[in-house]
Each structure stands twice: as structure tokens, then as C-alpha cells.
Amino acid sequence: MKKNIIEVRNLSKSFDISLKEPGLKGTIKHFFRRQTKSLEVIKNISFEIKEGEIVGLLGANGAGKTTILKMLCGLIYPSKGSIIVSGDLPYRRKENFLKNITLIMGQKQQLIWDLPPIESFYLNASIYDLDKFEAKKRIKKLSDMLEIDEELFIPVRKLSLGQRMKSELLAALIHKPNILFLDEPTIGLDINAQRNLRGFLQKYNKETNATICLTSHYMKDITSLCKRVICVHNGSISYDGKLDLLLKRLSPVKEILIVCRSEKDAIKLENSGFSVKNKTKNEITIKVENNSITSSLRTILNNFDIVDLYINEPPIDEIIGKILINKNYDI
Amino acid sequence: MNLRKYLKVYKKFLHTSLASELEYKTNILIDLITAILSLTGSIFLLSIFFKNNGIIGGWEFEQALIIQGIYTILNGITNTWFNPNLTEIVKHIREGTLDFVLLKPIDSQFFISLKKINPSGFLEIMLGFFLLIYCIRINQINLNLSFLTLCLITIICSISILYSLWFFISTTTIWFVKTWNATEVLRSFLYIGRFPLNSFSFSLRIFFSVIIPIAFITTIPSEVFLGLSQIWKILLEIIVAMLFLFSSRKFWLYALKFYSSASS
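Here the protein sequences come in this chain order: A and B.
Going left to right, the first sequence walks through residues 7 to 337 as the numbering used here numbers them.
Going left to right, the second sequence walks through residues 2 to 265 as the numbering used here numbers them.
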């Protein structure tokens, strides 16, 4: 059985935020007498992540995903509760702990802007105490996996966003971390670049058994990478479990579009007891529960003269959207 | 602390920042011209002050030039290391890129204080040295080992005080987010260091010695150059420098507990 690499117990985090009234009067008041309020952004959350797992943190903007991620990697001190990552307390930021993790942020960059990425890689290699030979070997391996070559020698400012993100990944992984924290890694990338990045992360996880914890607003990132998701709503965990189970529970029916040979067949199907969503001439859309898909299809194929049929999954963004806006659903 | 690793990393810092700066040749050229003009202007200004009255605060023009030389070296060091790195702290904190620094297995103060260099500051350092060599000649100063050691110690102390003051102000960014003005005020105070401490009134002397110890930074090394310094002043500068370095370090480590990172 795999061991827990991340353990979070009753974690809370509060920030002091300043409040400002609108208008000039509010601005002057704010300048001389600042009013602050303590805001609890993370409220008593607990979870564990096992070695090698890929977990997606889901939540609306401001739900607290990034704060959780930053506490896990030791950037922010927790207000209450405990976090143990790879046997260490993250906020102590001990050398061995830091050599074991990495944080990749889609909206921030660590590469030196005016120089080719290769310079930043060697700088990082020296910070992680890698010798030149080892650094060269790792750069070669990762650049092959990321399918970048010439880009390594072009100044960062001249690279496309996709090429830059790949280089950022390489810079962040040169020390072979066991735990990857990714905060919206595919933000702003085109569809192909997103797919390549996801493919790379899958491959990296498979080859190194690294644990990956990521946040993303692109559902495709979550569905293709994460078997498990943790949904965060207003600083609390509203769901922690398998993604497919969540999707099944939230969307218990599938839609089947059936093209019948004739309108007569469509009418016959309409009156056969299925839940009909709509019907136009010889085409009919019915709703079938997930657990009776096979038996329903058998009945339709055996008893009706049909030309074609399509099974439509409800759009995943729509389903996830339900989680992001509603905390109190029954799961 | 693994010294070998830190030296290796610093070598990389030098390499990458020089390579970055050399990408913009015109900028370097403009900086070099500015450094020469700035030194010429300062000496001209000093000569005007001394024109009517040969002595100011007990210092003759030739002696005051030593202060100008030390100031030029310190200003060069400021432009080479402090300015490109310590002003960047504000940016790191505002934009949240300090995250990357804090997650590296290396001392964060070392990283943010030494990552960049501005090569054009080297010219100022060189000009300052030439001016000092010239001053040694015209003031007929005897060069010996104890003299050079004391000069070196007091200049290192001056650099430490200046660095600590700047670093201390930059650290407050963790709470106040924007402190550009405060570092500008510090730079303005540094200009005061071009003049002998004795040329100011008693209250200003106290202010620039106790509250903001700018006076220590240039006057004491200059006095050492002229053989005028008393041992207690040198010891005091050493103590002040150590105290400043120690407290700026502690302050940084304390401030990091309040770092909340920028939102993504």
C-alpha cells in the first residue's frame, strides 16, 4: 500500500485585509485610518495525498486553492492546524524538503528574461548542487520529453508562451523533485500546447512516480490527469474523492440521440416508455440513467429500426460549474 | 553553509547578470558616461565650496577629496550590487516572484542581495580608487600594512552599514508593499556622505551619526586615510556595522513569517 506523502490536519489560514470605502472621502479615510478585517480563507480542512497520486484542486476564483498550494510548499505559514509534506513541516523550508518539491505557476516566471533558458537551467543546477555533467544529462532528458531543442538557446523574451512554459517546467524539474505543485500550468496556452503539457506531466508521473497536486480552470487538465479531485468552496473542502464518481453522481443520466429509419419508428420509440427530451421527424433524444445504458441500448437495437445513434456526455464544464457555485450538494 | 556551493552559485550569478546586461550595449555606454559626468560634477561642486574658504569643518579641499573618493567607491558598489538587487526586492514582493526565491535550497538573503550586478558601476569603483590614489599622493600619505588594513576594515564596515540600511528598508515591503520612496530617501542621505561630518551643525552631526549613520560610512574611513582617526571611532564603526548586519538579517527572517505572497 502506498504511503501518504502529504498529510493536512485541521488546517486554517486567516489574512488581515484592509477595507476601503468608495470615493475620495473613502480614500482619504483609508489613507489616515486603515480599517482591517481578519478573513479566514481556509477553514479547518484535512486531507491526505498518497505517493505518486495526481490530485486536482478544484474551486472558483478566490476559493482558496492557491493558498492551500502555497501552504503545502511552505511559502505561507498556516494560522492553525498541521501540514506534513514528505515527512517535513513545509514552512521550515529545510534544504532537503526544498530539494524534494517544486512549484510551477502558470502566471509567474522564474526564467531570466533576457537570456536563453539554458542559462537559467545551469543557474538552477548550481543552486541545487548538481555538477555540470549531471545537469547536462537532465536537461537533455527533460528537453527530449518536452520536445524542445533550439528554443533552449533563444532569449526567453523571444519565445512563445507555449515554449516559455515548457522551459519553465524544465527549470522547475531539473532537480528531479518528488512532489510537484502546479498552479494553473496551462493558463493562456493554445490547445496543442495544453495537450503537450498534459502529456508530459502524465509521462513524468509514470516515469518518476512523482506526486502531482494541481489547480486549473481548464477541465481537460483535470479530467485527463487527475483520478482524484478535492473541491474547495469558500475555504472548505466540499468534495474529496474520485473524479468519475463525482461526475456520475452529479450527472446521473446520459442523452442518446437516435436516428430512426422513418418517422413512424420515431413515434413508436417515443411511446415506448423512455424519457424523451425532444423529437424532430425521425430523430429522437432520450435520457437514460448511467446504470441502465447497456440494457436500454439492447432494447432499442432489438426492437426498433434505427439508422444511427449517438451517446452524449453532458459537458464536463457544466457539471464542474455546479460544484464551483454550490457547496451543499449531496454526494 | 556550503561555501563551495555558494561560490559556484555566485559565479553563475555573475555570469548570467553580465550576459543580461551586455545584451543592451547602449545602456551600458550611457551608464558609463553618467558615472564620469557625476564624478566631475561632484568634484566641481566641492571645489566651489572650498573656493572662498580654504577650510570647511577643519578639512582642506585636498583632504575632502578623500571623502569624495570613498563616496565614489561606495556609490559604485551601490550601483553595481545594491541598486539592481535591493530595489528588485520590492518587485519580487509586489509580483509574488519571491516565491521562487524562497523555494530554492539556498539562503534567500544571499540570493536576493547578490543575484544581479550592473557592470557600469565598476567604472565608478575604479574612478573612486584612482581618486584615492591621487589623494594619497597629494596628501603625502605613507602607505604601510596597518594603514591599508585599517582602510580596508573601515570601508568594509561602511559597505556593511549601507547594505544593512538599504536591506532593512526593502524588507519593510513585506508589510507596506511599496517602499520605493524610502530607498530614494536613503540615496539622498548618502549624498550627504560626500561632505565631512564636521561641516554640519551639532544636531545634524548627531542625526547622521546616531539615527541614520551615514557619517560613519564616509567620514571614518577618510579620517583613517589622513591618520586623524581615533581607535574608539574605528571600533565604534565595527560594532555599528556588525549590529546593523545582524539586525537586518534577523529582521528579514522575522519579516518572512508575514510574507503572504501575491495572488495568482
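A virtual CB, placed ideally from N, CA and C, is assigned to each residue, including glycine.
Note that this is a predicted model, so its numbers are computed, not measured.
query	result
Please report the residue range of the alpha helix (DSSP H) in which Cys266(A) lies.	Where Cys266(A) is concerned, there is no enclosing alpha helix (DSSP H), although the beta strand (DSSP E) it sits in stretches over 259 to 266.
Quick one, which residues of the region 96 to 125 of chain A are near chain B if we go by CB-CB under 9 angstroms, in chain order?	Tyr97, Arg99, Lys100, Glu101, Asn102, Phe103, Leu104, Lys105, Ile107, Thr108, Leu109, Met111, Gly112, Gln113, Lys114, Gln115, Gln116, Ile118, Trp119, Asp120, Leu121, Glu125
I want to know whether the region 86 to 95 of chain A touches the region 144 to 163 of chain A - three or more CB-CB distances under 8 angstroms.	no
Reducing DSSP to helix, strand and coil, say where Trp167(B) ends up.	helix
Determine the DSSP secondary structure at Met77(A), reduced to helix, strand or coil.	helix
Quick one: which chain A residues come within Cβ less than 7 angstroms of Leu103(B)?	Leu81, Arg99
Going by CA-CA distance only, name the one from Ala20(B), Ile134(B), Leu151(B) that's closest to Ile118(B).	Ala20(B)
Within its chain, find whatever has a CB closer than 6 angstroms to the CB of Asn215(A); leave out the 5 residues flanking it on each side and keep chain order.	Gly58
State buried or exposed for Asp336(A), treating a residue as buried only when at least 16 other CB atoms are found within 10 Å of its CB.	Because Asp336(A) sits at a pLDDT of 48, beneath the cut-off of 50, its placement in the model cannot be relied upon, and the following sentence gives the value as read from the coordinates. Label assigned to Asp336(A): exposed.
Hey, how far is the Cα of His239(A) from the Cα of Val102(B)?	30 angstroms
Contact between the region 198 to 215 of chain A and the region 37 to 48 of chain A: three or more CB pairs below 8 angstroms?	no
Can a CB atom of chain B be found closer than 8 angstroms to the CB of Ile236(A)?	no
What whole-angstrom Cβ distance do Ile160(A) and Phe127(A) have, given they're in contact under 8 angstroms?	Ile160(A) to Phe127(A), Cβ: 13 angstroms. No contact.
With 8 angstroms as the threshold, decide whether the Cβ of Ile133(A) is near any Cβ in chain B.	yes
For the region 76 to 106 of chain B, which residues have a CB atom closer than 8 angstroms to at least one CB atom of chain A, in sequence order?	Glu96, Gly97, Thr98, Asp100, Phe101, Leu103, Leu104, Lys105, Pro106
Does any residue of chain B bring its CB to less than 8 angstroms from the CB of Tyr335(A)?	With a pLDDT of only 49 at Tyr335(A), under the threshold of 50, the placement of this residue in the model should not be trusted; the figure read from the coordinates follows. False, the Cβ-Cβ gap to chain B never drops below 8 angstroms.
Does Glu13(A) have its Cβ less than 8 angstroms from a Cβ in chain B?	no
Could you confirm whether any beta carbon from chain B is found closer than 8 angstroms to the beta carbon of Phe21(A)?	yes
Counting only beta-carbon atoms, is Tyr224(A) nearer than 8 angstroms to chain B?	no
Give me the subset of the region 15 to 29 of chain B whose CB atoms are less than 7 angstroms from a CB atom of chain A, sorted by chain position.	Thr17, Ala20, Ser21, Glu24
Look at the alpha carbon of Trp231(B) and the alpha carbon of Leu30(B), and state the distance between them as a whole number of angstroms.	The sequence given here has Gln at residue 231(B), not Trp. Answer to the nearest angstrom: the Cα atoms are 42 angstroms apart.
Taking 8 angstroms as the cut-off, decide whether the C-beta atoms of Tyr97(A) and Gly80(A) are in contact.	yes
Report the neighbours of Tyr128(A) on chain B: residues whose CB is nearer than 7 angstroms to its CB, in chain order.	Lys13
Of all Cβ atoms in chain A, is any one closer than 8 angstroms to the Cβ of Lys251(B)?	no
Based on the DSSP output, what are the partners of Glu13(A) in its beta bridges?	Glu54(A), Ile90(A)
Run through the region 144 to 226 of chain A for me and flag every whole alpha helix (DSSP H) of 4 or more residues, listed as ranges in chain order.	167 to 179, 197 to 214
If you run the structure through DSSP and keep just helix, strand and coil, what is Arg234(A)?	strand
So Glu295(A) is in the beta strand (DSSP E); what residue range does that whole segment cover?	289 to 295
Could you name the residues of chain A that Val10(B) contacts, counting a contact when the two beta carbons are closer than 8 angstroms?	Leu129, Ser132, Ile133
Quick check on the DSSP output: the beta strand (DSSP E) that includes Ser249(B) runs from which residue to which?	It is not in any beta strand (DSSP E) - Ser249(B) instead sits in the alpha helix (DSSP H) that spans 232 to 257.
Would DSSP call Asp338(A) helix, strand or coil?	The first residue shown for chain A is 7 and the last is 337, placing residue 338(A) beyond what the model contains.
For a cutoff of 8 angstroms on Cβ pairs, would you count Lys234(B) as touching chain A?	no
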